Amino acid sequence: MADKITPRAQDYPQWYLDIVKQAGLADNSDVRGCMVIKPTGFALWENMQRALDRLFKATGHVNAYFPLFIPISYLAKEEEMAEGFAKECAVVTHHRLKAEKGKGLYVDPEAKLEEPLVVRPTSETIIWRTYKDWIQSYRDLPILVNQWANVVRWEMRTRLFLRTAEFLWQEGHTAHATQAEAEEETLRMVRIYQQFAEEFMAMPVLVGPKTEGQKFPGAIYTLCIEALMQDGKALQAGTSHFLGQNFAKAFDVTFQNDKGQREYAWATSWGASTRLIGGLIMTHSDDNGLVVPPRLAHTHVAICPLGKTDEERSASLAAAEKLAAELRGLPRCEFFGYEPLTVKVDQAFDKSPGFRYAEYELRGVPVRVEIGPKDLEKSACAVARRDRPGKDGKAFGVPLAGAAQHIDQLLRDIQASLFNRAKEFRESTTRTARTYDEFKEMIELPGFIWAHWDGTRATEDRIQEETKATIRCLPYDGPSEPGTCMISGQPSARPVVFARAY
RNA sequence: CGGGGUGUAGCUCAGCCUGGCUAGAGCGCGUGGUUUGGGACCACGAAGUCGCAGGUUCGAAUCCUGUCACCCCGACCA
Numbered sequence: 000m001a002d003k004i005t006p007r008a009q010d011y012p013q014w015y016l017d018i019v020k021q022a023g024l025a026d027n028s029d030v031r032g033c034m035v036i037k038p039t040g041f042a043l044w045e046n047m048q049r050a051l052d053r054l055f056k057a058t059g060h061v062n063a064y065f066p067l068f069i070p071i072s073y074l075a076k077e078e079e080m081a082e083g084f085a086k087e088c089a090v091v092t093h094h095r096l097k098a099e100k101g102k103g104l105y106v107d108p109e110a111k112l113e114e115p116l117v118v119r120p121t122s123e124t125i126i127w128r129t130y131k132d133w134i135q136s137y138r139d140l141p142i143l144v145n146q147w148a149n150v151v152r153w154e155m156r157t158r159l160f161l162r163t164a165e166f167l168w169q170e171g172h173t174a175h176a177t178q179a180e181a182e183e184e185t186l187r188m189v190r191i192y193q194q195f196a197e198e199f200m201a202m203p204v205l206v207g208p209k210t211e212g213q214k215f216p217g218a219i220y221t222l223c224i225e226a227l228m229q230d231g232k233a234l235q236a237g238t239s240h241f242l243g244q245n246f247a248k249a250f251d252v253t254f255q256n257d258k259g260q261r262e263y264a265w266a267t268s269w270g271a272s273t274r275l276i277g278g279l280i281m282t283h284s285d286d287n288g289l290v291v292p293p294r295l296a297h298t299h300v301a302i303c304p305l306g307k308t309d310e311e312r313s314a315s316l317a318a319a320e321k322l323a324a325e326l327r328g329l330p331r332c333e334f335f336g337y338e339p340l341t342v343k344v345d346q347a348f349d350k351s352p353g354f355r356y357a358e359y360e361l362r363g364v365p366v367r368v369e370i371g372p373k374d375l376e377k378s379a380c381a382v383a384r385r386d387r388p389g390k391d392g393k394a395f396g397v398p399l400a401g402a403a404q405h406i407d408q409l410l411r412d413i414q415a416s417l418f419n420r421a422k423e424f425r426e427s428t429t430r431t432a433r434t435y436d437e438f439k440e441m442i443e444l445p446g447f448i449w450a451h452w453d454g455t456r457a458t459e460d461r462i463q464e465e466t467k468a469t470i471r472c473l474p475y476d477g478p479s480e481p482g483t484c485m486i487s488g489q490p491s492a493r494p495v496v497f498a499r500a501y
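Residue numbers (numbering that gives the first Met the number 0): 0 to 501.
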């Protein structure tokens, strides 16, 4: 028997770690705060990348790549950003080692860099330095570039996927001729993140601006998507920033408009990272293991042929291969990214059936099919859906004729049911606080809290200090009636959403 | 940076207080056999500089000093 997964109810953080490790997604590495993303985990990321990349391209973006190293003087140019990231930057100061017998390998003091290079914590500065060379005229705009990259933020405390010192992400950096166009882009991209989260990850999100205190350093404002994890804590899952002309001014990026006047370009940036994998886990998985929504699954269907004798096994195996071929041969469609379904025929006859079932549950394969002698007598198979773990989700007697179509539909049903379940959980744990006392009681419960806030930093800070809750965002969709701040009694245009967060 | 803890086989840990023969267990791994419709079992086997350095001692995983690393709590955290 494999190591047990700690039940969620007993110790949620330990459950999360157990899932990550036992489903084979990632491991801690020898380098503090950095992780090894294993093939199974990386496959999830690749599927996320593929889906997001399609959405970006469909909205006119192209990919490019900028350097890992940023001269320290670039980072210094935008004051807010310099201040915001100063405490978490890795810095390269030398370009050579020396190997000497007896002394081993050491940094060559002769090889000190003229100017230290910062390992990018984010790429606005190096990219805007580059855009200075790309932009002369309004005809050069907009620039709609995205890059897939790794970044380093030297965090004090890390957690696999949710916060690691090095992480993988995409960062979009766009330049526009007008403020209105840049603001449209900012909104467009946060809505793309929402679409991705909800349609692919089956993870419902709130969408809206961050408060002044929570925005990205260097931004005019930050829009975000906020998801709710099963333990009732919020997770910021993607951000889109309107940067105004801050970076254009810092790097002197101007263009001539159609009237021949010089203007500074308008900027946006937006990013989502491997943190999404953490969000995916904490939205759907259960005490039996990982649960992956079919649209992001690396293996859609696992077929387990059964049998005690060679004759039984070869008959089951033949039926399994036939079904696998039918599944792979289903018409390609948008829902699965125009790729064929991935089907694994499991031939581990030396393992007990129970072990094989548990293994696919642990790894989050959305649909498992069992074909044994008893099924073949009836030309049928057993089909188990991962969103309902154990025997509850298993249906016997599914006719082999038409099984492929049945499973295709089942995968779509699972995708929808995961989203609905997550949304119901969010709705059932979302509360409205009318007074601060009420709020303090509610914050001890899982979930989001709507409450009125006077819009000041002081009130926001006080609430955080006293309750550890932060304003997650000022959602676009939701109640909008005015009221009064639960603390100061000052007028509030509309309620905002609080939660404790990752 | 403050507080606490842990370093012994791939993993989880026992042994340390009270020094002593060849350093142990479970899981995992390898080989062979019996099993197989919800995490099978038997037999045999491989595998450890006891984090590192120094000291005390006839003798150190065990005692002392130093050091490094990691984990947890806090502070910090697009």
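All C-beta atoms, glycine included, are put in the ideal place defined by N, C-alpha and C. Please read all numbers here as calculations on a predicted model, not as lab measurements.
- In this structure, the beta-carbon distance from F418 to I448 does not fall below 9 Å.
- As the crow flies, the alpha-carbon of F246 is around 14 Å from that of T177.
- The C-beta of G288 has 16 or more other C-beta atoms within 10 Å across all chains shown, which makes the residue buried.
- Going by C-alpha positions, V35 is about 31 Å away from E99.
- The three-state secondary structure of G389, taken from DSSP, is helix.
- Annotation for A317: the continuous alpha helix (DSSP H) segment containing it runs 309 to 327.
- About 16 Å separates the CB atoms of W133 and A249; that is not less than 8 Å, and the two are not in contact.
- When the five nearest sequence neighbours on each side are left out, the beta carbons in the same chain lying within less than 6 Å of the beta carbon of I413 are those of P293, P365, R384, D386, in order along the chain.
- Using a Cβ-Cβ distance cut-off of 8 Å, the stretch 227 to 235 and the stretch 325 to 335 are not in contact, since fewer than three pairs of beta carbons, one from each stretch, lie closer than that value.
- For G278, the closest of E197, R156, A181 by C-alpha to C-alpha distance is E197.
- Per DSSP, the continuous alpha helix (DSSP H) segment holding K76 begins and ends at 71 to 76.
- The continuous alpha helix (DSSP H) containing T466 extends over residues 456 to 466.
- For D26, the enclosing beta strand (DSSP E) has its first and last residue at 25 to 27.
- A straight line joining the alpha-carbon of T428 with that of Y15 spans about 20 Å.
- Residue burial is scored here from C-beta neighbours: N145 has at least 16 other C-beta atoms within 10 angstroms and is therefore classed as buried.
- For N245, the uninterrupted alpha helix (DSSP H) run begins and ends at 245 to 249, by DSSP.
- When only Cα atoms are considered, T267 and T58 end up about 15 Å apart.
- Within the stretch 94 to 151, complete beta strand (DSSP E) segments of at least 3 residues are found at 96 to 99, 103 to 106, 111 to 118, 142 to 151, given in chain order.
- Partner residues in the beta bridge of W168, as assigned by DSSP, are A148, S272.
- Close CB contacts of W168 within its chain, under the 6 Å cut and outside five residues either way in sequence, are with G270, S272 (chain order).
- A straight-line Cα-Cα distance of about 12 Å links D349 and R312.
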